[in-house]
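Colleague: Taking full-length UniProt numbering, the leading residue of the sequence shown gets 1, the next gets one more, and so forth. Every residue, glycine too, gets a C-beta built ideally from N, C-alpha and C.
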Amino acid sequence: KVPHCVPISAHHKWNFDDLLEKMWEYLGLVRIYTKPKGQLPDYTSPVVVKIDKCTVEDFCNKLHRAIIKEFKYGLVWGSSVKHQPQKVGKEHTLHDEDVVQVVKKV
1 KVPHCVPISA HHKWNFDDLL EKMWEYLGLV RIYTKPKGQL PDYTSPVVVK IDKCTVEDFC
61 NKLHRAIIKE FKYGLVWGSS VKHQPQKVGK EHTLHDEDVV QVVKKV
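(1) Under the three-state reduction of DSSP, which class applies to Ile67: helix, strand or coil?
(2) Please state the DSSP three-state secondary structure of Lys104.
(3) Please state whether the Cβ-Cβ distance between Ile68 and Lys90 is less than 8 Å.
(4) Along the chain, where does the beta strand (DSSP E) containing Leu94 start, and where does it finish?
(5) Starting from Asp52, follow the beta strand (DSSP E) in both directions and report where the run begins and ends.
(6) When DSSP builds the beta bridges, which residues end up paired with Lys87?
(7) When burial is assigned at 16 or more other CB atoms within 10 Å of the CB, is Asp18 buried or exposed?
(8) Residues in the same chain with beta-carbon distance under 6 Å from Gly74, minus the five sequence neighbours each way, listed in chain order, please.
(9) For Leu40, which three-state DSSP category applies?
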């Protein structure tokens, strides 16, 4: 393998997924998906955050500044947690393609 290279074929449409993954990695971006209560996760429009700012608090601030003031806990599905779903606080670090459901104070 040659470093920093992803072989592709436009004619045969080979390896575009690997190219896309490498681009996300090099750009330093993480995709986080939202899940409204009682519904399936929305995989069509992820919230994109920088890899150095990918806590639950950063995710909430990316959605809306007022959410973090009413934040109680988050439910996370994905590679950043041991159990599916897992209850987390606002300091929890999210990984690429995690799914988050925010639970607010009543």
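Modeller: In short, the structure shows the following:
(1) Counting from one through the sequence shown, the residue named residue 67 turns up at place 67. Coil, per DSSP.
(2) As a working mapping, residue 104 is identified with position 104 in the sequence shown. Assignment of Lys104 by DSSP, reduced to helix, strand and coil, places it in the strand class.
(3) Taking the sequence shown and counting its residues from 1, one reaches residue 68 at position 68. Taking the sequence shown and counting its residues from 1, one reaches residue 90 at position 90. It is a contact, given that the beta carbons lie within the stated cut-off.
(4) Taking the sequence shown and counting its residues from 1, the one referred to as residue 94 is at position 94. Run containing Leu94: none; DSSP gives neither H nor E here.
(5) As a first step, residue 52 must be located in the sequence shown, where it is residue number 52. Taken as a continuous stretch (DSSP letters only), Asp52 belongs to no beta strand (DSSP E), as it is neither H nor E.
(6) On the sequence shown, position 87 is the one that residue 87 refers to. According to DSSP, Lys87 bridges with Leu75.
(7) Counting from 1 along the sequence shown, the entry for residue 18 is found at position 18. Asp18 is exposed by the Cβ-count criterion.
(8) Reading the sequence shown from its first residue, position 74 is the one you call residue 74. Take Gly74, set aside five residues on each side of it, and the residues of its chain with a beta-carbon closer than 6 Å to its own are Val56, Val88, Val100, Val102, in chain order.
(9) Stepping through the sequence shown from its first residue, residue 40 is reached at position 40. Here Leu40 sits in coil by DSSP.
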